[in-house]
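Number of protein chains: 2
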Amino acid sequence: MGKTRRRGAELEAAIYQATRTIIDREGLAGLTLPKVALAAGTSKPVIYRRWNTPFELAIAAVQDQIRRENKGNMDQYVLTGNSLRADLLQLMHRFLISIDTFGNSYLQSLFTEISQHENEALRKMIDRSSQIDMRAIDGVLKRATDRGENVRTDLADDLKLLPFDWVRYNIFVQKEVTEQRLTMLVDDILLPIYSQE
Amino acid sequence: MGKTRRRGAELEAAIYQATRTIIDREGLAGLTLPKVALAAGTSKPVIYRRWNTPFELAIAAVQDQIRRENKGNMDQYVLTGNSLRADLLQLMHRFLISIDTFGNSYLQSLFTEISQHENEALRKMIDRSSQIDMRAIDGVLKRATDRGENVRTDLADDLKLLPFDWVRYNIFVQKEVTEQRLTMLVDDILLPIYSQE
DNA sequence: TCTTTAAGAAACTTTTGGTATCTTATTGGC
DNA sequence: GCCAATAAGATACCAAAAGTTTCTTAAAGA
Chain A
58 MGKTRRRGAE
68 LEAAIYQATR
78 TIIDREGLAG
88 LTLPKVALAA
98 GTSKPVIYRR
108 WNTPFELAIA
118 AVQDQIRREN
128 KGNMDQYVLT
138 GNSLRADLLQ
148 LMHRFLISID
158 TFGNSYLQSL
168 FTEISQHENE
178 ALRKMIDRSS
188 QIDMRAIDGV
198 LKRATDRGEN
208 VRTDLADDLK
218 LLPFDWVRYN
228 IFVQKEVTEQ
238 RLTMLVDDIL
248 LPIYSQE
Chain B
58 MGKTRRRGAE
68 LEAAIYQATR
78 TIIDREGLAG
88 LTLPKVALAA
98 GTSKPVIYRR
108 WNTPFELAIA
118 AVQDQIRREN
128 KGNMDQYVLT
138 GNSLRADLLQ
148 LMHRFLISID
158 TFGNSYLQSL
168 FTEISQHENE
178 ALRKMIDRSS
188 QIDMRAIDGV
198 LKRATDRGEN
208 VRTDLADDLK
218 LLPFDWVRYN
228 IFVQKEVTEQ
238 RLTMLVDDIL
248 LPIYSQE
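Chains as they are written, first to last, in the working numbering: chain A, 58 to 254; chain B, 58 to 254.
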């Protein structure tokens with residue numbers, strides 16, 4: 058009775074695929090090795106022989122995806138704008154698309170594990186800190202105008218929140234925010250943006 | 058035999074404390090209600106009566122922390138700079154400090170679940186995408202200078218990565234990146250920063 | 001064809017999340 | 001100060017799922 062049996066690369070491809078499907082649907086938290094075995098149509102020992110933890114497998118699966126879709130790299134694309142502005146828009150546009158399709162979407166679900174209602178509470182917390190941030194920056198800007206400095210008065214919320222978001226992002230990805238980088242943030246990013254031209 | 062028995066606010070404070078310790082050490086993924094019961098020196102039913110999921114408890118614990126340290130709010134502080142630059146530096150400085158002590162550090166561990174070595178792999182992935190991003194933006198900037206536009210040539214890596222980081226952050230916190238916000242990013246943030254004055 | 005390697009089936013053990021039951025300390029009303 | 005109501009905590013229990021072991025057999029290579 059010739060039961061066919063996958064092995065090697067073919068088998069692993071199926072495992073990675075199953076892994077990504079699960080992460081996609083249930084987040085990293087929902088990823089367990091037995092589940093993967095089932096979804097990939099293989100058995101638990103096969104999985105346990107190769108990986109020790111769901112996280113290890115998750116990383117491998119994402120890396121596999123990246124390897125597989127590497128052609129999608131942004132720097133391969135040809136830009137067609139005829140100004141810095143146009144090129145930048147084009148680039149960011151593509152980035153936004155690639156971050157959706159590409160392995161990046163998995164990267165996101167690697168970090169977040171949110172079911173809809175849980176999301177609510179979290180959302181509220183972030184919003185609240187944003188409000189605090191906003192008041193703080195408004196205070197700073199007001200002092201500047203009172204002092205007679207030329208500051209834009211029509212700043213969008215996104216612009217006001219930029220420095221805080223920047224710092225938070227760095228905390229997320231565990232990149233140290235040094236004194237030097239903070240100075241760079243103020244001098245090379247914030248001042249050019251906030252200053253009235 | 059007078060076994061003392063905590064209740065109400067006192068008990069809950071201990072539970073929150075235990076919760077934060079666990080999140081701190083093992084990340085959100087490592088947080089389970091039985092573990093909390095053990096760490097808080099109480100029993101499972103006490104926990105289960107109040108919360109249904111680890112996530113609920115996590116949110117409550119962080120909110121408790123925020124309430125508790127609310128005095129740390131940035132907008133309470135008095136600014137003493139005598140220029141926009143000085144004020145901004147002061148503000149971001151405080152923000153950085155508060156994000157460390159404050160509940161925000163928990164917010165971080167809410168999203169990430171990393172034991173040290175797992176961190177490595179993740180770090181590498183992020184670094185690699187950063188390199189790709191960097192090449193892409195370099196291409197854009199080169200085209201601009203070739204075209205004769207006035208573009209700064211001494212841009213720090215942080216400045217080059219800014220747009221990508223900004224988009225990624227928004228993806229993380231699940232804030233939609235609209236066409237409009239993308240345009241704002243280019244016009245109000247990138248162009249002022251990248252343009253030679 | 002024979003040997004080696006690895007996949008897969010199945011049974012089993014262990015862990016742990018979650019529930020139900022019961023006892024007893026604490027609080028507050030009388 | 002006594003009694004009833006409330007809630008903490010101990011314990012036992014259940015169920016599900018993680019993880020392991022053993023064994024069989026398909027696939028690959030010599």
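Positions of the beta carbon are idealized from the N, C-alpha and C atoms, including for glycine.
Contact residues of the stretch 212-232 of chain B toward chain A are Leu212, Ala213, Asp215, Leu216, Leu219, Pro220, Phe221, Asp222, Trp223, Val224, Arg225, Tyr226, Asn227, Ile228, Phe229, Val230, Gln231, Lys232 (C-beta to C-beta distance below 9 Å).
Alanine 213 of chain B and leucine 90 of chain A have their alpha carbons spaced roughly 43 Å apart. For valine 243 of chain A, there is no enclosing alpha helix (DSSP H), as DSSP marks it with neither H nor E. Glutamate 206 of chain A reaches chain B at Ser140, Leu141, counting residues in chain order whose Cβ is nearer than 8 Å.
Among the CB atoms of chain A, none fall inside 9 Å of the CB of isoleucine 80 of chain B.
Excluding sequence positions up to five before and after leucine 218 of chain A, its CB lies within less than 7 Å of the CB of Ser187, Asp190, Met191, all in the same chain and listed in chain order.
By the CB criterion at 9 Å, leucine 248 of chain A and proline 220 of chain A fall outside the cutoff. Identification of chain B residues near leucine 248 of chain A by a Cβ-Cβ cut-off of 9 Å yields Leu141, Arg142, Leu145, ordered along the chain.
Our two residues, glycine 98 of chain A and serine 155 of chain A, have alpha carbons roughly 30 Å apart in a direct line. In the DSSP secondary-structure assignment, serine 252 of chain B is bridged to B:Val208.
The distance from the Cβ of leucine 153 of chain B to that of leucine 239 of chain A is about 7 Å, consistent with a contact at the 8 Å cut-off. Residues of chain B with a Cβ closer than 7 Å to the Cβ of arginine 77 of chain A do not exist, since the nearest Cβ in that chain sits about 15 Å away.
DSSP places serine 155 of chain B in the helix class (H, G or I) of the three-state scheme. Residue burial is scored here from C-beta neighbours: threonine 76 of chain B has at least 16 other C-beta atoms within 10 angstroms and is therefore classed as buried. With contacts defined as CB atoms closer than 9 Å, alanine 71 of chain A and arginine 62 of chain A fail to qualify as a contacting pair. In the structure shown, tyrosine 134 of chain B adopts coil according to DSSP, grouped into three states. Interface annotation, alanine 193 of chain A: in contact with chain B, CB-CB separation under 9 Å. For the stretch 80-108 of chain B, the residues whose beta carbon sits under 9 Å from a beta carbon of chain A are, in order, Leu85, Ala86. Residue-level contact by beta carbon holds for arginine 200 of chain B and chain A, with a gap shorter than 9 Å.
Within chain A, Ile116 have C-beta atoms less than 7 Å from the C-beta of alanine 178 of chain B, given in sequence order. In the structure shown, serine 140 of chain B adopts coil according to DSSP, grouped into three states. Valine 135 of chain B has its alpha-carbon roughly 21 Å from the corresponding atom of glutamate 236 of chain A. At a cut-off of 9 Å between beta carbons, tyrosine 73 of chain B makes no contact with chain A.
Distance between glutamate 69 of chain A and serine 252 of chain B, taken at the CA atoms: about 48 Å. In the three-state DSSP reduction, glutamate 67 of chain B falls in the helix class (H, G or I). Per DSSP, asparagine 109 of chain B lies in no alpha helix (DSSP H) segment and is marked neither H nor E. Valine 93 of chain B: member of the alpha helix (DSSP H) spanning 90-96, first to last residue. The C-beta of aspartate 211 of chain B has fewer than 16 other C-beta atoms within 10 Å across all chains shown, which makes the residue exposed.
Between aspartate 245 of chain B and leucine 145 of chain A, the beta carbon gap of about 12 Å keeps them out of contact (Cβ cut-off 8 Å). In chain A, no part has a C-beta under 9 Å from the C-beta of glycine 65 of chain B; the shortest such distance is about 23 Å. The alpha-carbon separation between lysine 92 of chain B and isoleucine 80 of chain B amounts to approximately 11 Å.
Taking CB atoms only, aspartate 245 of chain B has a neighbour in chain A less than 9 Å away. By the criterion of a C-beta distance shorter than 6 Å, isoleucine 194 of chain A is surrounded in its chain by Lys217, once the five residues flanking it on both sides are discounted. Cβ contact annotation for valine 234 of chain B (same chain, cutoff 8 Å, sequence separation greater than five): Val224, Asn227, Ile228, in chain order.
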